[in-house]
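Before any comments, here is the structure.
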Amino acid sequence: MRSENYNTGTAIATGLDNATWAATTDGAVTVYDEGGATAAANLLTYDRLYNWHAVNTGNLCPSGWHVPTDGEYTTLTDGLGGTSVAGEEMKSSASDSPAWDGTNTNGFSGLAGGCRLQSDGDFYDEGDYGYFWSASESGTNALSHVLKSIHTGVGRNANTQRYGFSVRCVRD
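To convert, take the position in the sequence shown, counting from 1, and add 2; that gives our numbering.
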């Protein structure tokens with residue numbers, strides 16, 4: 003996703019410094035290395051990173067689309083042979099643009115966009131990990147799915163909602 007606005011037209015908070023990002027419980031969006039030398043290239047390659055508070059509004063995806071639930075991610079990974087192998091099929095391939103180290107046989111086109119940390123607002127893991135929010139909570143956390151360089155699997159984690167992760171939308 004690349005949107006800076008909710009589907010209602012309201013702007014999502016952006017340009018937050020590290021301390022503000024780490025403290026906010028409002029919806030927020032960023033670009034990996036926001037304000038840095040590689041931010042523009044990262045936007046073109048990886049799109050934006052959102053905290054889960056933006057996901058939880060239910061207004062992040064365009065009308066007729068939604069952020070997939072944890073169950074929908076499970077259906078996807080099960081259909082691709084299970085979590086131990088589905089990651090390879092979900093990652094962009096070497097022939098895709100932008101490319102990664104997967105086969106992209108299902109069209110998910112996952113990329114290693116990294117994340118923005120919840121603890122101090124720093125950016126981390128670009129080029130190595132792709133983190134994707136689900137629309138599902140787990141206690142006071144939210145569930146996400148992760149693709150890793152050189153690994154064929156898909157990880158599933160319960161994360162603090164202030165992390166900045168990528169978002170995929172699926173058609174209703």
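Ideal Cβ placement from N, Cα and C applies to all residues, glycine included.
Contact check between the stretch 73–84 and the stretch 45–65: fewer than three CB pairs, one atom from each, fall below 8 angstroms, which does not count as touching.
DSSP places G89 within a helical segment (H, G or I) once states are collapsed to three. The way I'd put it, the stretch 36–51 does touch the stretch 109–129; three or more beta-carbon pairs between them come closer than 8 angstroms.
By the criterion of a C-beta distance shorter than 6 angstroms, G155 is surrounded in its chain by T85, S86, G89, once the five residues flanking it on both sides are discounted.
Taking a contact to require three or more Cβ pairs closer than 8 angstroms, the stretch 22–39 and the stretch 119–136 qualify as touching. Secondary structure of T154 (DSSP, three-state): coil. In this structure, T71 sits away from A30, with a CB-CB distance that is not shorter than 8 angstroms.
Excluding sequence positions up to five before and after D19, its CB lies within less than 8 angstroms of the CB of G123, all in the same chain and listed in chain order. If you check the CB distance, Y34 and L51 come in under 8 angstroms. Sequence-distant Cβ neighbours of R173 in its own chain, meaning closer than 8 angstroms and more than five residues away, are G66, W67. Between the C-alpha atoms of E128 and A41 there is a straight-line separation of about 11 angstroms. Taking G11 as reference, the option from P64, L82, D130 with the minimal CA-CA separation is P64. T32 is bridged by DSSP to L51. Cβ contact annotation for N9 (same chain, cutoff 6 angstroms, sequence separation greater than five): N61, P64, S65, in chain order. If you check the CB distance, G104 and K93 come in under 8 angstroms.
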